[in-house]
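Single-structure report; data block below.
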Amino acid sequence: MTRERLLKLLALALGIILIVYGVQKLGEPSDFLKSIHAYGILPTQPPWLLNLSAITLPWLEILCGLAMAAGPLRRGAAALSALVLAVFTAAILVRSFQVMGAEGTPFLELAFDCGCGSGTVVIWQKILFNGALIVGTAWVALAARRPADA
Numbered sequence: 100m101t102r103e104r105l106l107k108l109l110a111l112a113l114g115i116i117l118i119v120y121g122v123q124k125l126g127e128p129s130d131f132l133k134s135i136h137a138y139g140i141l142p143t144q145p146p147w148l149l150n151l152s153a154i155t156l157p158w159l160e161i162l163c164g165l166a167m168a169a170g171p172l173r174r175g176a177a178a179l180s181a182l183v184l185a186v187f188t189a190a191i192l193v194r195s196f197q198v199m200g201a202e203g204t205p206f207l208e209l210a211f212d213c214g215c216g217s218g219t220v221v222i223w224q225k226i227l228f229n230g231a232l233i234v235g236t237a238w239v240a241l242a243a244r245r246p247a248d249a
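Position in the sequence shown counted from 1, then plus 99, gives you this note's numbering.
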């Protein structure tokens, strides 16, 4: 298998994952809004900022996933996805430490709804999975050929 073919397959797989996560969030917008609020990253006043985030982030995931899977704008979509995934993963880590402190739950036993659309997840597994997604999207962003190079 050539490097270019492997890169396209990786971009397709990552694109499908992003599309699925985005669609899951769209299916339960109030749950996603509650998850965003639980992280305490965005101010609650004015409330439109939280609401706008809950509406736009799933669409951003879907559009990035489509761009990665279909090919056009693959590099930009992959770079943006890597950045968003890194921010989400950092937020999950911060929230993990908060929950561990409040509940006394060991890290390897920690599970909560991180807002990814999958319901309650085991956090160390989610962080590893997100790490793989970050590496994959970063590789697609850095290795994808520019149209002028093709």
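C-beta: ideal position from N, C-alpha, C; glycine also.
In the three-state DSSP reduction, THR219 falls in the strand class (E or B).
Under a 10 Å Cβ-count criterion, SER180 is classified as buried, with 16 or more other Cβ atoms of the shown protein chains found around its own Cβ.
Taking a contact as a CB-CB distance under 8 Å, the pair LYS133 and PRO157 does not count as one, their CB atoms being some 14 Å apart.
Membership of PHE211 in any alpha helix (DSSP H) is not indicated; the residue belongs instead to the beta strand (DSSP E) covering 210-212. No Cβ-Cβ contact shorter than 7 Å links LEU111 with ALA242. According to the DSSP assignment, GLY121 belongs to the alpha helix (DSSP H) that extends over 102-126. Annotation for THR155: the continuous alpha helix (DSSP H) segment containing it runs 146-169.
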